[in-house]
Structure formats: C-alpha cells, structure tokens
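Colleague: Chains as they are written, first to last, in our numbering: chain A, 1 to 208; chain B, 1001 to 1208.
Okay, handing you the structure first.
There are 2 protein chains.
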Amino acid sequence: MEPRAVVGRAGEPRTRLSAQERRQQLLEVAGGLFAEHGFHGLSMEQLADAAGVSKPVLYQHFPSKRELYLALMQDAIAEMESQIRKALEGTRDNRARVEGAIAAYFDFVEDRRSRLIFGAYEAADPDARDAVEEANRRTAEAVGQLIAEDAGLDRAAAGLLATALRGLATEAARWWTDHDADAGLDKAKAVRFLSRLAWRGLGSFQKD
Amino acid sequence: MEPRAVVGRAGEPRTRLSAQERRQQLLEVAGGLFAEHGFHGLSMEQLADAAGVSKPVLYQHFPSKRELYLALMQDAIAEMESQIRKALEGTRDNRARVEGAIAAYFDFVEDRRSRLIFGAYEAADPDARDAVEEANRRTAEAVGQLIAEDAGLDRAAAGLLATALRGLATEAARWWTDHDADAGLDKAKAVRFLSRLAWRGLGSFQKD
DNA sequence: CGAGCAGGTTACCAGGCGGTAACATACGGT
DNA sequence: ACCGTATGTTACCGCCTGGTAACCTGCTCG
C-alpha cells in the first residue's frame, strides 16, 4: 500500500512494482532514451538496464520494440496536436492565433519527447512516417482553412503557406532550444519576433 | 576500349569495370538507395546486389558503411550549400536573393539525394548530425548577415530569423515535392508565393 | 603465348540484437 | 502459516549484418 519508492532509472531500491506502475515507468524511461538515441541507437537490453529491470519485463508490457516506439511516438504526436489546436481555438484573433501556435511549438520542442517525432523522418518505418505526416497534414489543414478564409486562396496555396509556417516555427524552435544559452534571447522575445515575421508575411495575402 | 555497356543496377551484361568507373557507379547506386531507405534501412549486401556486384567489391572502394554514407552526405551538403550561396551571391537585390534562395531549396529537394540530409537527423551518428548542423549554421550565418545589415538586428535575432526562413523554405519545398501532383501548383508559382510571404515578413524588420 | 595483376567471387566469422522458454521469488488473501 | 499468482530473472536461440580471408579469372603486354 505504500508508494515503495519508485525508482527513475538504475536506482538501487529494486522493489517490485504493480503492472501499471511498471508500465508507466517503462514508458517514461523509454520515451527519454528513444528521444535521445533514436530508434536504432537504443537496444531493448540497454533500455531494460536503464529502467533497472530485465529484458523480458519489457516484453511483458509491450509486444515489440517497434510497437513500443510507435506508441510513444503517437503519444508525442497527440500531445503536439493538442497544444497547437488549443492555441488555434483559444481565440478568434488571427494575430493571436499565429503567436499562440508559434509559442506552442516552442513549448513542445522543449519537451525532449519531441525528438521522437523529428527523428521519425528516417523513413525507417512507413507507419512512423505516415503518422507524422498525417498529423502535419491535419494541422496544416486547420491552419490552411483559416488562411484560406481570410485571404481567399485555394486549398493548394493555403496548404503550402500553412506548411511553410509550420517549418518556420519548428525549425526556429529547435534552433532556439539549442542556442538559447549562447544567444541571450528569451523565449517570449523569440516568439514575438517570429510572430511578427509570420504575421506580416501573411498580411500580403489579406483579401481586404 | 569500348564503353562496355555500364549497367545501372542489376543489369545482365556483367562486364568488368575500371576502378574509377566502378567507384562512380557504386556512389550513384548507393546515393539513391540510402536516400530512399535510410542508413539503417539498407544493408551492404542489398546495396551490393543492387549494383550487380558482390559485397567485398564495396569494401574495395569504401572502408566502411558509415564512411560511405558520410561521404555521400557530405557531397549532398556541399551541393546544397553551393546552390544556396550561388543564389545569394548572384545579385545585390535582397528581394531577388530571397526568391533565388527559395528556388534553390526547391531545386535541391527535388534531387533525391537531399533525403540523405534530412534523414540524418536521426541522431544516429554525431558526425552526421554535426555536418548537417554546421552547414545550416554556415548558411544561416550568411543569410543572417544580410538580414542584420539591413534591419539592424543583433546576431542572435538575425540567426533566429535566418533559421526560420530556412525552415520555411525546406518544409515548403518538401511538401511541394510530395503534393505537386494532386495540387496543381507549379514550382515557379509556389516559389513566388513563398517569396512574397518571406519578403513581406522581413519587411517588418527593415531599418529605414 | 603465358604470366601477372586488376577486378571480382564464394564462403565464412564474430558480435549484437530482438525475442522467448523455463525457472525463481515476493506478496496478499484466507 | 501457507499457497497461488503476479512479478521478475537467467540463460538461451536464431538471425541478420558489417566486415574479411582465401581464392578465381580474364585482360593486357612483353
């Protein structure tokens, strides 16, 4: 009945955990390590060791390495989509939407699990690729619709612009997380900068 | 003395090639296949088979899989940098520079070898990651300097904007290569669209 | 013509990895 | 107290893959 000191990784206590607790712990450890080393850079044995557990325990909770990775990825994707959509739906002011969505990307990229998504482009698994592309497509669809509405563009053009904005936000966010230390530039300021860039750029397509 | 029918891949003729010819052929085949399947998705044996040759021949020309891949990647990176720099140095009109650079990204992304670069984010190899990041840093530096000059921004801000523009161009270009079929949108038009977005966005930072 | 060498092949090895069968042990209910 | 079951371990397998040693062959040139 006591919490029994759940150990993060490679800790000593070594107590038995309930199935649910163990599963949760494994998901957390796996998320971090896969994000850091990539799918091929991490073996199930390494993962088990890091979690302070033996390999078969992993297979008690997940049917295969691939499925474990995919599950983690889907989760990260869902998290990202949710944050973006929240930013888009939280207001009716398009300027605020742009800024909110960019901020959402920045927040998400700070989470190391975001690497699971970016790393997935390695074409390795078609399912992984598809999952990411589907998510991108859906958000581009949402953004594109807003753009199309107020600029009178066709779907193709709107999709292109939406994708361009996603690229702008993600790459800038990734750069920022790697360079905020040496480039005294706080997140809020960076987000404001990019919003300005994006918003003014979009302005050139305004219908009215 | 005759050309002896160099065979692209898995062809029947099976004639001996000179070391140089063979090396060149292997580089071409490897470039295509690595781009398509990724580093981990292609074995040396598969590669050898595809080239119509046995495995040791590969090792006669390249010391290891890793080095072969890295060499191909470095080559792709050099190609990309060269095209971008050409676009930036070809004119003094900044508007034309933006459009030229975006067009260069579009051209480059159409080359399937570009996948070698994007796929390299899989953190697999630190050297691969570093090579890509260095290239990105160098072009961001070049672009950032132009931006900084005409907008009076500090290095950090200029770097952020430059990175954002790179993200905009690459992601849009990748999207376009995947969707040009279903979204009747020709390249020139797409490039013009994105240039407009980028240029107007940059306008908000103009000094004067 | 015949020998030497560049170009190419077969067959193999060692190590790592995903995955599993068989066995061991802590813990809660009665 | 004790037993059943959920939890966990040791030890192993088979396969694939990067890489190599040993051997073959046909073109070229004296």
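C-beta: ideal position from N, C-alpha, C; glycine also.
Determine, for A1156 (chain B), whether the minimum Cβ-Cβ distance to residues of chain A falls below 8 Å.
Modeller: The residue labelled residue 1156 (chain B) in the question sits at position 156 within the second sequence. Interface residue, yes.
Colleague: Output yes if chain A places a C-beta closer than 8 Å to the C-beta of E1081 (chain B); else output no.
Modeller: In the second sequence, residue 1081 (chain B) corresponds to position 81, counting from 1. It does not: the Cβ of E1081 (chain B) has no partner Cβ on chain A nearer than 8 Å.
Colleague: Judging by CA-CA distance, which residue of B:V1143, B:R1066 and B:V1109 is the nearest neighbour of T1170 (chain B)?
Modeller: Here residue 1170 (chain B) is taken as the residue at index 170 of the second sequence, counted from 1. If we check each option's Cα against that of T1170 (chain B), B:V1109 comes out closest.
Colleague: Closest by CA to E1036 (chain B), which one among B:L1068, B:K1187 and B:G1119?
Modeller: On the second sequence, position 36 is the one that residue 1036 (chain B) refers to. It is B:G1119 whose Cα lies nearest to the Cα of E1036 (chain B).
Colleague: Considering only their Cβ atoms, is the gap separating L165 (chain A) from V143 (chain A) smaller than 8 Å?
Modeller: Along the first sequence, one-based indexing puts residue 143 (chain A) at 143. Along the first sequence, one-based indexing puts residue 165 (chain A) at 165. Yes, the pair counts as a contact, with Cβ atoms nearer than the cut-off.
Colleague: Less than 8 Å between the beta carbons of R1196 (chain B) and L1146 (chain B), yes or no?
Modeller: The sequence position of residue 1196 (chain B) within the second sequence is 196, counting from 1. The sequence position of residue 1146 (chain B) within the second sequence is 146, counting from 1. Cβ distance not < 8 Å, so R1196 (chain B) and L1146 (chain B) don't count as in contact.
Colleague: Below 8 Å between beta carbons: does that hold for A101 (chain A) and G1201 (chain B)?
Modeller: Along the first sequence, one-based indexing puts residue 101 (chain A) at 101. Along the second sequence, one-based indexing puts residue 1201 (chain B) at 201. Their beta carbons are not under 8 Å apart, which means A101 (chain A) does not touch G1201 (chain B) by this criterion.
Colleague: For the stretch 159 to 177 of chain A, list every residue whose C-beta sits within 7 Å of some C-beta in chain B, in sequence order.
Modeller: G159, L160, L161, T163, A164, R166, G167, L168, T170, E171, A172, W175 and W176
Colleague: Looking at the C-beta of L72 (chain A), does it have a partner C-beta in chain B at a distance below 8 Å?
Modeller: Taking the first sequence and counting its residues from 1, the one referred to as residue 72 (chain A) is at position 72. Not closer than 8 Å to any Cβ of chain B, the Cβ of L72 (chain A) fails to qualify, so no.
Colleague: Shortest alpha-carbon distance to V221 (chain A) belongs to which of A:R92, A:D130 and A:E21?
Modeller: It is not possible to answer for residue 221 (chain A), since the shown part of chain A is limited to 1 through 208.
Colleague: Kindly list the residues whose CB is nearer than 7 Å to the CB of G38 (chain A), restricted to its own chain and excluding five residues on each side of it in sequence; keep chain order.
Modeller: Residue numbering aside, residue 38 (chain A) sits at position 38 when the first sequence is read from its first letter. Once the five neighbours on either side are set aside, the close Cβ partners of G38 (chain A) are G119.
Colleague: Can you tell me which of the three DSSP states D182 (chain A) falls into?
Modeller: Here the question's residue 182 (chain A) lines up with position 182 in the first sequence. It is coil, neither helix nor strand.
Colleague: Count the CB pairs spanning the stretch 171 to 180 of chain A and the stretch 1153 to 1167 of chain B that are closer than 8 Å, and state whether there are at least three.
Modeller: yes
Colleague: Counting only beta-carbon atoms, is S1114 (chain B) nearer than 8 Å to chain A?
Modeller: As a first step, residue 1114 (chain B) is located in the second sequence; it is residue number 114 there, counting from the start. Output row for S1114 (chain B): interface = no.
Colleague: If you measure from the CB of G201 (chain A), is any heavy atom of the ligand SAH nearer than 7 Å?
Modeller: The ligand SAH is not among the ligands present in this structure, which contains no ligands whatsoever.
Colleague: Cutting at 6 Å between CB atoms, please list the residues of its own chain near K65 (chain A), excluding the five before and the five after it.
Modeller: Numbered from 1 along the first sequence, position 65 holds the residue referred to as residue 65 (chain A). Result list for K65 (chain A): M44, in chain order.
Colleague: Give the straight-line distance between the Cα atoms of K189 (chain A) and G1159 (chain B), rounded to the nearest whole angstrom.
Modeller: Against the first sequence, residue 189 (chain A) aligns to sequence position 189. Against the second sequence, residue 1159 (chain B) aligns to sequence position 159. So the two alpha carbons sit approximately 14 Å from each other.
Colleague: Between which two residues does the alpha helix (DSSP H) containing V1132 (chain B) stretch?
Modeller: Residue mapping note: residue 1132 (chain B) aligns to position 132 of the second sequence, counting from 1. Start and end: P1126 to A1151.
Colleague: I need the boundaries of the alpha helix (DSSP H) containing P56 (chain A), first residue and last residue.
Modeller: Locating residue 56 (chain A) in the first sequence gives position 56, counting from the first residue. Where P56 (chain A) is concerned, the enclosing alpha helix (DSSP H) stretches over K55 to H61.
Colleague: Can you find the residues in the same chain that come closer than 7 Å, C-beta to C-beta, to Q74 (chain A), ignoring five residues on each side of it along the sequence?
Modeller: In the first sequence, the residue the question calls residue 74 (chain A) occupies position 74. Cβ neighbours of Q74 (chain A) beyond the five flanking positions: A131.
Colleague: I think G1184 (chain B) touches A156 (chain A), with their Cβ atoms under 8 Å apart; what is that distance to the nearest whole Å?
Modeller: Mapped onto the second sequence, residue 1184 (chain B) falls at position 184. Mapped onto the first sequence, residue 156 (chain A) falls at position 156. Yes, they are in contact, since the Cβ atoms of G1184 (chain B) and A156 (chain A) sit about 7 Å apart, within 8 Å.
Colleague: Just to confirm, are V1191 (chain B) and A1103 (chain B) a CB contact at a threshold of 8 Å?
Modeller: Within the second sequence, the letter at position 191 stands for residue 1191 (chain B). Within the second sequence, the letter at position 103 stands for residue 1103 (chain B). Yes, the pair counts as a contact, with Cβ atoms nearer than the cut-off.
Colleague: When the cut-off is 8 Å and only beta carbons count, does G1184 (chain B) lie next to chain A?
Modeller: For the purposes of this step, residue 1184 (chain B) is taken as residue 184 along the second sequence, with counting starting at 1. Chain A contact via Cβ: present.
Colleague: Flag A1096 (chain B) as yes if its beta-carbon sits less than 8 Å from any beta-carbon of chain A, otherwise no.
Modeller: The residue given as residue 1096 (chain B) occupies position 96 in the second sequence. It does not: the Cβ of A1096 (chain B) has no partner Cβ on chain A nearer than 8 Å.
Colleague: Where A1050 (chain B) and A181 (chain A) are concerned, what is the direct C-alpha to C-alpha distance, given to the nearest angstrom?
Modeller: As a position in the second sequence, residue 1050 (chain B) is number 50, starting the count at 1. As a position in the first sequence, residue 181 (chain A) is number 181, starting the count at 1. Near 47 Å, if we compare the C-alpha coordinates of A181 (chain A) and A1050 (chain B).
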